[in-house]
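Visitor: Sharing a structure with you now.
Numbering (the numbering used here), first residue to last: 7 to 552.
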């Protein structure tokens, strides 16, 4: 499925997002002296304002509050003239109006009549869950086994003729040697295992040298991947002496798979005579696992079996206006259809806690969210950090001046449906509907966590572009603006830019994006991240090195 990107048309120069906002967003570069119409009030810009940046609607003094999306996103620290841009020099992070609200008893359920009865073609597992892909997984229990994982990866890819970097290798040979001859073509174009989406090899830097909690968290995360509905089974490599022991991982797997339905093969190097023997045994496990996985075929499944994780990375000043609310509209549609969404990145929910607390469906859920958020903030403070340090230089350069501003836009990915559960890092999602997941703002660590908690599909928004994906769950990348979609067309799957230009509304594009999600979940659409083998896996190290 290829989205048609409309050509640029004249558009309004700026936008006030919420009626209570005291800033507007520049939708293109605006010159000094330009007159802006703000709901009938004429405002002259006192300086040039770059596109994606925000400018004030009236003169502001120190301690005045900056309001965007209807919530406080900053505090003025230097006088700002009317029609001047807000910057890191004149505004600092503030969430002064983040006060608890009463629970909302109602949400505007979107019209999903066009999707009633629709299905996706997925892989049914023995525990009743449904996958959107079918992988055999190879994982190390400790970083000492990363080299052996790489040996297995190269051997398996060579044996089954599935080297994702063959084109780049040919490019390198041609650049260095001027070779033009193609390598011998395979004898058959038919894949050896047509029902398998691939063998996935994870590596990481944990498993030893950290705290007991770090070792337990790693085992819980790996168990989440091994028992994921997109995984048929796994081969696990252990050194033997490390802190994250095989028995710890077996216990974590048993919590998720108490009947032992998922095939998992464990190999310990220090209990094996030689390295070649370890590699031989591991390869045998992988090839037998591929036969097991290949016996599973896709069958129609209800949309309620979809769990979509939502993520952002390389955000810009348009992310919270286009791509993020578009993703939120899809999550609302999925929730209305009985499916699930997971919203993570707690540092990027700072400043909108009161809105999320109001959406929690009961007091226990609200209390859990508050406790996890406060514990995370205390942990950050103990390391001399604060959530206000979250925006990256790229975020700030593109108009996300404070963490609260970034958070107000980032939270839009969660839509408007009730929050049914709050999960700590590595906890599995068990309730249908929108879940919150405690994870860091690091986009790859957070995406890794989303999938570990059960997301079988991910929607990832970006305004600047990012080459990331996930080993076992398809990742759809959405651009907040059409310029990025054109420039990085090999990375972006869907363009939300027409929303900024006023050429399409969110509801219209949300239906289109949900259809793309269904096609992706069914294997009919291969995401750009899959085509480029963007298979990132980074666990969150919450403790310290010892």
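Virtual Cβ for every residue (Gly too), placed ideally from N, Cα, C. Please read all numbers here as calculations on a predicted model, not as lab measurements.
#1: Got a sec? Which residues, its chain only, sit under 7 angstroms from residue 331 by beta carbon, not counting five neighbours each side?
#2: Using 8 angstroms as the threshold, is the C-beta distance between residue 347 and residue 457 below it?
#3: Between the C-alpha atoms of residue 238 and residue 480, what's the straight-line distance to the nearest angstrom?
#4: I'd like to confirm the pairing. Which residues does DSSP put opposite residue 206 in its beta bridges?
#5: Where do the N-terminal and C-terminal ends of the beta strand (DSSP E) with residue 127 fall, by residue?
#6: Nearest to residue 312 by CA position, among 295, 67, 134, is which residue?
#7: What are the partner residues of residue 484, as DSSP defines its beta bridges?
#8: Could you pull out every unbroken beta strand (DSSP E) segment of at least 3 residues lying fully inside the region 265-343, listed in chain order?
#9: Classify residue 261: buried if its beta carbon has 16 or more other beta carbons within 10 angstroms, exposed otherwise.
#10: Near residue 150, what residues of its chain come up, given a Cβ to Cβ distance below 6 angstroms and the 5 sequence neighbours on each side ignored?
#11: Helix, strand or coil: how does DSSP classify residue 220 here?
#12: Work out the CA separation of residue 93 and residue 200 for me, nearest whole Å.
#13: Quick check on DSSP: helix, strand or coil for residue 260?
#14: Mind the definition here: the region 144-162 touches the region 288-295 only if three or more C-beta pairs lie below 8 angstroms; say whether that holds.
#15: Using a 10 Å radius around the Cβ and a threshold of 16 neighbouring Cβ atoms, would you call residue 226 buried or exposed?
#16: Tell me the start and end of each unbroken beta strand (DSSP E) in the region 50-99 that is at least 3 residues and wholly inside, in chain order.
#17: Tell me the rounded alpha-carbon separation between residue 99 and residue 80.
#18: Pick out the complete alpha helix (DSSP H) segments inside the region 14-40, 4 residues or longer, and give them in chain order.
#19: CB-CB under 6 angstroms to residue 454, same chain, minus the five flanking residues each way: which ones, in chain order?
#20: Note the first and the last residue of the continuous alpha helix (DSSP H) segment covering residue 115.
#21: To which residues of the same chain is residue 444 closer than 6 angstroms at the C-beta, ignoring the five residues directly before and after it?
#22: From the DSSP output, in three-state form, read off residue 366 for me.
#23: Just the Cα atoms here: how many angstroms apart are residue 90 and residue 206?
#24: If I measure Cβ to Cβ from residue 193 and keep anything under 8 angstroms in the same chain, skipping five residues before and after, which residues do I get?
#25: With 16 other CB atoms within 10 Å as the buried threshold, where does residue 333 fall?
Guide: The relevant details are as follows:
#1: Setting aside the 5 residues that flank it on each side, residue 331 is surrounded in the same chain by 418, 512, each with a C-beta closer than 7 angstroms to its C-beta; the list follows chain order.
#2: No, the Cβ-Cβ distance between residue 347 and residue 457 is not below 8 angstroms.
#3: Spanning the two alpha carbons is a distance of roughly 16 angstroms.
#4: Looking at the DSSP assignment, residue 206 forms a beta bridge with 143.
#5: Unbroken beta strand (DSSP E) run through residue 127: 125-130.
#6: It is 134.
#7: Residue 484 is bridged to 467, 500.
#8: With a minimum length of 3 residues, the unbroken runs of beta strand (DSSP E) contained wholly in the region 265-343 fall at 270-274, 305-308, 313-318.
#9: So residue 261 ends up on the exposed side.
#10: Within the same chain, Cβ atoms closer than 6 angstroms to the Cβ of residue 150 are found at 245, the five residues on either side in sequence being excluded.
#11: Three-state DSSP puts residue 220 in a helix.
#12: Going by the C-alpha atoms only, they are around 54 angstroms apart.
#13: Helix at residue 260.
#14: Result yes; three or more Cβ-Cβ pairs closer than 8 angstroms.
#15: The residue is buried, with at least 16 neighbouring Cβ atoms inside 10 Å.
#16: Qualifying beta strand (DSSP E) stretches, in chain order: 60-62, 71-74, 77-82.
#17: For the pair residue 99 and residue 80, the Cα-to-Cα distance works out to about 5 angstroms.
#18: DSSP runs (the alpha helix (DSSP H)) wholly in the region 14-40: none.
#19: Hits under 6 angstroms: 543, 544.
#20: Where residue 115 is concerned, there is no enclosing alpha helix (DSSP H), given that its DSSP letter is neither H nor E.
#21: Shown here for residue 444: same chain residues with a beta carbon closer than 6 angstroms to its own, the five before and five after excluded, namely 352, 378, 430, 431 in chain order.
#22: Reduced to three states, the DSSP call for residue 366 is strand.
#23: The straight-line gap from Cα to Cα measures roughly 51 angstroms.
#24: Per-residue confidence for residue 193 stands at a pLDDT of 49, beneath the threshold of 50, marking its modelled position as unreliable; no derived number is given.
#25: Classification of residue 333: buried, given that the 10 Å Cβ count is 16 or more.
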